[in-house]
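Novice: Okay, here's the structure, questions in a sec.
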């Protein structure tokens, strides 16, 4: 099953994302603590990580950089999202895509599907 890790401290938002992803056949693993992302990514081996730029525990760009410098994880696509336009900063740090909140479910699913199919072609 295609697993997507969702990182956000907003329980309502993660519940919505989990439902949207699961309706499309993905398994969603929800994390509220960005400190758990790297270890969980090693363990779960997701097809993609969707991560909020800012959580109650701070900025997650350092987590993004850590994912992209880890030999075992650097090919896992990361989509960053935020209510503020930080696309340039996120893409420069290694994210494959950025979604500005609020985004439509169709935008999320198209981004996820596009990155996963690109990964399949690159293998």
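Numbering (the numbering used here), first residue to last: 228 to 350.
Beta carbons are placed, not taken as given, at the ideal position from N, Cα and C, and that holds for glycine.
This structure is a prediction, so every number in the text was calculated from the model and none was measured.
Looking at C-alpha atoms only, which residue of 252, 320 and 290 is the closest neighbour of residue 340?
Specialist: For the purposes of this step, residue 340 is identified with residue 113 of the chain shown, where counting begins at 1. The shortest Cα separation from residue 340 among 252, 320 and 290 belongs to 252.
Novice: Since residue 311 sits in a beta bridge, which residues does DSSP pair it with?
Specialist: Here residue 311 refers to the residue found at position 84 of the chain shown. Bridge partners of residue 311: none, in fact.
Novice: Is it buried or exposed for residue 261, if we count other Cβ within 10 angstroms and need 16 for buried?
Specialist: The residue you call residue 261 lines up with position 34 of the chain shown. Residue 261 is buried by the Cβ-count criterion.
Novice: What is the residue span of the alpha helix (DSSP H) that residue 326 lies within?
Specialist: To locate residue 326, count along the chain shown from 1; it is residue 99. In this chain, residue 326 is not harboured by any alpha helix (DSSP H); it is covered by the beta strand (DSSP E) spanning 324–327.
Novice: For residue 281 and residue 299, what's the separation of their Cα atoms in angstroms?
Specialist: Position 54 of the chain shown holds residue 281. Position 72 of the chain shown holds residue 299. Distance between the alpha carbons of residue 281 and residue 299: 25 Å.
Novice: Where DSSP assigns a beta bridge to residue 278, which residues make up the other side?
Specialist: On the chain shown, position 51 is the one that residue 278 refers to. Beta-bridge pairing by DSSP links residue 278 to 234 and 307.
Novice: Since residue 236 and residue 283 should fall inside the 8 Å C-beta cutoff, what is the C-beta to C-beta distance between them, to a whole number of angstroms?
Specialist: Position 9 of the chain shown, counted from the start, is the residue given in the question as residue 236. Position 56 of the chain shown, counted from the start, is the residue given in the question as residue 283. 5 Å between Cβ atoms; contact.
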